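Numbered by our numbering, the letters in the sequence shown go through residues 12 to 194 in order. Cβ coordinates follow ideal geometry from the N, Cα and C atoms, glycine included. Just so it is clear, the structure is predicted and the values come from calculations on it, not from any experiment. What follows is a short report on a single structure.
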Amino acid sequence: MQKQKRDLILVFIIGFLVGASVITVWNSQRSGGDTSGNFASTPTGSEDEGSFAENASVQLLSSAAGFFPLPPSIPANTRVGLSVSDQPKGKTVFIKELSVTGTKWVAIYDDKEGRPGWILGALRVREGDKEATVSLLRPEGTASGGTYYAAILNDDGDGEFNRLTDLPPLSPENVTVVRFIAQ
Numbered sequence: 012m013q014k015q016k017r018d019l020i021l022v023f024i025i026g027f028l029v030g031a032s033v034i035t036v037w038n039s040q041r042s043g044g045d046t047s048g049n050f051a052s053t054p055t056g057s058e059d060e061g062s063f064a065e066n067a068s069v070q071l072l073s074s075a076a077g078f079f080p081l082p083p084s085i086p087a088n089t090r091v092g093l094s095v096s097d098q099p100k101g102k103t104v105f106i107k108e109l110s111v112t113g114t115k116w117v118a119i120y121d122d123k124e125g126r127p128g129w130i131l132g133a134l135r136v137r138e139g140d141k142e143a144t145v146s147l148l149r150p151e152g153t154a155s156g157g158t159y160y161a162a163i164l165n166d167d168g169d170g171e172f173n174r175l176t177d178l179p180p181l182s183p184e185n186v187t188v189v190r191f192i193a194q
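See below:
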């Protein structure tokens, strides 16, 4: 009886330690335990608007520089399916030409060492939309002289933007991204 009790307690302790370890690893990954901050997601406003919620926290903005599949070069202003002119600084970005198949997201990124960095805002667009205006979460908006990027991302179909599931195409040559400058 004593041996069974001891074995039961030992199994309980081992199970507890394994469970605690798994939970610790899981939580560190979900809360941004890696130093690139690649585990945050950004909720959106209403499904009809297809845009970021105005009251979303800046902490929920995310970086894509770690795994954004970039084409060999990022053209200035225009690429097939997306055209964004250099424009005045502000809290919105105007997409002057747009051509998508199905439902997609247009995401605006700031610059991080010549690549898309933090996601500043996103807007859900549908087939037939010819232009769009993306509202940015950053209170100061774009800065004069700053370089920014606009990219078309796939929609996972849930009506909310999540940078972990609403992703660019995996093949760099199929990624639609352009750079523009705020004046």
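- Contact check for GLU138 against GLY113 passes: the beta carbons are separated by less than 8 Å.
- Of the residues ASP121, VAL91, ALA154, ASP140, the one whose Cα lies closest to the Cα of GLY132 is ASP121.
- CA-to-CA, the gap between GLY128 and ARG90 works out to about 19 Å.
- In the three-state reduction of the DSSP assignment, GLU184 falls in the helix class.
- Relative to the Cα of VAL189, the nearest Cα in the group LYS115, SER146, ALA162 belongs to ALA162.
- Using a Cβ distance threshold of 8 Å, ALA193 and THR144 do not count as a contacting pair.
- Sorting LYS14, ASP97, LEU93, PRO82 by C-alpha distance to the C-alpha of PHE191 places ASP97 at the top.
- In terms of CA proximity to VAL111, ASP140 leads the group ASP140, LYS123, LEU134.
- Fully contained in the stretch 110-185 is no alpha helix (DSSP H) run of length 4 or more.
- Straight-line spacing of the CA atoms in GLY26 and LEU178 works out to 37 Å.
- When DSSP states are grouped into helix, strand and coil, LEU19 belongs to the helix group.
- Looking at the DSSP output, GLN98 sits in a beta bridge with ALA193.
- For LEU93 and TYR160, the gap between their C-alpha atoms comes out near 11 Å.
- The Cβ atoms of SER32 and LYS102 lie no closer than 8 Å to each other.
- The three-state reading of DSSP puts LEU93 in strand, counting E and B together.
- Assignment of beta-bridge partners to VAL104 by DSSP yields VAL145.
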